[in-house]
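Q: Numbering (mature numbering (1 follows the signal peptide of the UniProt record, and there is no 0)), first residue to last: -20 to -1, 1 to 434. Positions of the beta carbon are idealized from the N, C-alpha and C atoms, including for glycine.
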Ligand SMILES: *[C@@H]1O[C@H](CO)[C@@H](O)[C@H](O)[C@H]1NC(C)=O
């Protein structure tokens, strides 16, 4: 009896990878740094444009490089490149250029990611089309089609595996009706009709498990890797049967950021990616709660990578937003100026945030160029924000919640303390790959790496 129990425990340990962790402990446990690379950065204009020479200095720090993003072809259910000219073009296609980097960085494993909130199409009248990711799950023939085509993409272009960043429906953000009080009290209404994300989530959850099982079976003979990414604001409990799927996965990347964004929450600014729960907030909107959910559902700690963003989320402060900057900040608007490098509404890359913080160039600047005040929470639990109150005319107000090298390192510290697998960085192209901020390239990536291994 005791003997078979011991054997069972040993088998379980082996299955969960805990054994490998123990053996590795002589040289310190292995923590992974998973670097996401959004290839759409290759075709940007100006300082946001990132080419392969810009990417390379990052690779010495990454254990995995994940190329984003492939997508799905509607109706045919095929896995496809979202930009064939960029990804596939004979000779100089980026898929091959990137997987060839393994010759130079032999320890780097390179995966292709599918979905990732990048596979968005609008119909002619700009209405949202039915979610093709759910349509595929509902269709067994579609599933086979997907498995075959994704396997062929991965094999043909020399990837070491696949990351499935499935575009499940997201939690619906709360609307603010009057003042903050009603916003926070409103959480009890989560079960009312308005907040049902997907009426068939139970079916989709089972079908997703079947999909991962089929992909894993197709990959097994070639020893290809399989991971999944939980996209921000996707509710794991609705779509991931953790105890079932974890058997098929080498690791999971939890997109534990963007809990608040100007797009989702245009009227209230708040910490976008706190490590721990804040009082009077939804108790699920923090890294710790997301991680604990997977742990509680028997996911081995060693398979969990905590997602860390390399960017900030800006709101515009109005003259009604007050001048303390203390979050949550009400009476804001989703009208912060667009960043010069990213040229995207509602997001600032780390170098763009850095340029707004006090530095030599803006020390004496006024108005729209005056430096923001940076506020770091000294307990290192919630993250960092910076703000500039609106002037008397109601102009130049701004509030931005962001990750910087210090707060990112705090998250790496959390990973160590909790013996998790590592960090997944979203993504390299929003870190300071040019070294514009302090002359050092990839400061967020470096800060994470340093804390993970030391
Ligand atoms: C996620 O789904 C569960 C039900 O499975 C629900 O209790 C929880 O409130 C949801 N979380 C969010 C943030 O909507």
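Can you determine whether any heavy atom of ligand 1 sits closer than 6 Å to the C-beta of residue 215, and answer yes or no?
A: Because some heavy atom of ligand 1 lies under 6 Å away, the Cβ of residue 215 counts as near it: yes.
Q: Is the beta carbon of residue 218 within less than 6 Å of some heavy atom of ligand 1?
A: Because some heavy atom of ligand 1 lies under 6 Å away, the Cβ of residue 218 counts as near it: yes.
Q: Quick one, which of 364, 330, 377 and 381 has its alpha-carbon nearest residue 417's?
A: Nearest of 364, 330, 377 and 381 to residue 417, Cα basis: 330.
Q: Should residue 151 be counted as a contact of ligand 1 given a C-beta to heavy atom distance under 6 Å?
A: Correct: residue 151 has its Cβ closer than 6 Å to ligand 1.
Q: From this set, 333, 53 and 105, which residue's C-alpha is nearest residue 126's C-alpha?
A: Here the closest residue by C-alpha is 53.
Q: Once the 5 residues before and after residue 402 are set aside, which same chain residues still bring their CB inside 7 Å of it?
A: Only 11, 12, 13, 14, 285, 395 and 432 meet the Cβ criterion.
Q: DSSP puts residue 368 in a beta bridge; with which residues?
A: According to DSSP, residue 368 bridges with 378.
Q: Does the beta-carbon of residue 264, which I'm using as the reference point, lie nearer than 6 Å to any heavy atom of ligand 1?
A: Yes, the beta carbon of residue 264 sits closer than 6 Å to at least one heavy atom of ligand 1.
Q: Quick one: grab the DSSP three-state call for residue 322.
A: In the structure shown, residue 322 sits in coil (DSSP, three-state: anything other than H, G, I, E or B).
Q: If you follow the beta strand (DSSP E) that residue 338 is in, where does it begin and where does it stop?
A: From DSSP, residue 338 is part of no beta strand (DSSP E); its letter is neither H nor E.
Q: Just tell me which of 51, 26, 390 and 19 has its CA closest to the CA of residue 79.
A: Residue 79 has its Cα closest to that of 19, out of 51, 26, 390 and 19.
Q: Can you round the beta-carbon distance between residue 239 and residue 265 to whole angstroms, since I take them to be within the 8 Å contact cut?
A: That belief holds up - the Cβ atoms of residue 239 and residue 265 are roughly 4 Å apart, short of 8 Å.
Q: Three or more C-beta pairs under 8 Å: does that hold for the segment 248 to 255 against the segment 298 to 311?
A: The segment 248 to 255 vs the segment 298 to 311: in contact.
Q: Mapping DSSP to helix, strand and coil, what is residue 201?
A: If DSSP states are grouped into helix, strand and coil, residue 201 belongs with the helices.
Q: In whole angstroms, what is the alpha-carbon distance linking residue 154 and residue 245?
A: Looking at the two C-alpha atoms, the distance is approximately 7 Å.
Q: Considering only the beta carbon of each residue, do residue 267 and residue 236 sit closer than 7 Å?
A: Result yes, Cβ atoms of residue 267 and residue 236 sit closer than 7 Å.
Q: When the distance is taken between beta carbons, is residue 91 closer than 7 Å to residue 46?
A: Contact flag set, yes.
Q: Tell me which residues share the same chain as residue 148 and place their Cβ nearer than 6 Å to its Cβ, disregarding the 5 neighbours each side in the sequence.
A: Around residue 148: 214 and 219.
Q: Please list the terminal residues of the continuous beta strand (DSSP E) segment that includes residue 263.
A: Neither: residue 263 is in no beta strand (DSSP E) and is coded neither H nor E.
Q: Consult DSSP for residue 146 and reduce its assignment to one of helix, strand or coil.
A: Reduced to three states, the DSSP call for residue 146 is coil.
Q: Kindly examine ligand 2 and report whether one of its heavy atoms sits closer than 6 Å to the Cβ of residue 244.
A: Ligands displayed in this structure: ligand 1; ligand 2 is not among them.
Q: Could you please give me the residues that DSSP links to residue 222 through a beta bridge?
A: DSSP lists no partner for residue 222.
Q: Between which residues of its own chain and residue 298 is the CB-CB distance below 7 Å, once the five residues before and five after are set aside?
A: Hits under 7 Å: 311, 312, 313, 370, 374 and 377.
Q: Identify, in the order they occur along the chain, each residue of the same chain with its Cβ nearer than 8 Å to the Cβ of residue 26, setting aside the five sequence neighbours on each side.
A: Around residue 26: 320, 321 and 323.
Q: May I ask you to report which of helix, strand or coil DSSP gives residue 180?
A: Three-state result, residue 180: coil.
Q: Give the secondary structure of residue 472 by DSSP, where H, G and I count as helix, E and B as strand, and everything else as coil.
A: With the chain covering only -20 through 434, there is no way to say anything about residue 472.
Q: Is the segment 132 to 148 touching the segment 106 to 121 in the sense that three or more CB pairs, one from each, lie closer than 8 Å?
A: Touching, yes.
Q: Below 8 Å CB to CB, which residues in the same chain sit around residue 372 once its five sequence neighbours on both sides are set aside?
A: The answer, listed in chain order, is 299.
Q: Contact between the segment 357 to 369 and the segment 385 to 399 is defined here as three or more beta-carbon pairs at a separation below 8 Å; is this criterion met?
A: In short, these stretches touch, since the Cβ pair count reaches three.
Q: I need the DSSP call for residue 428, collapsed to helix, strand or coil.
A: Correct three-state label for residue 428: helix.
Q: Within 10 angstroms of its Cβ, does residue 255 collect 16 or more other Cβ (buried), or is it exposed?
A: When all chains shown are included, residue 255 counts as buried.
Q: If you draw a straight line from the C-alpha of residue 190 to the C-alpha of residue 184, how long is it?
A: Roughly 10 Å separates the two Cα atoms.
Q: Please name the residue or residues paired with residue 91 in a DSSP beta bridge.
A: DSSP, once it has assigned bridges, lists 46 and 141 as partnering residue 91.
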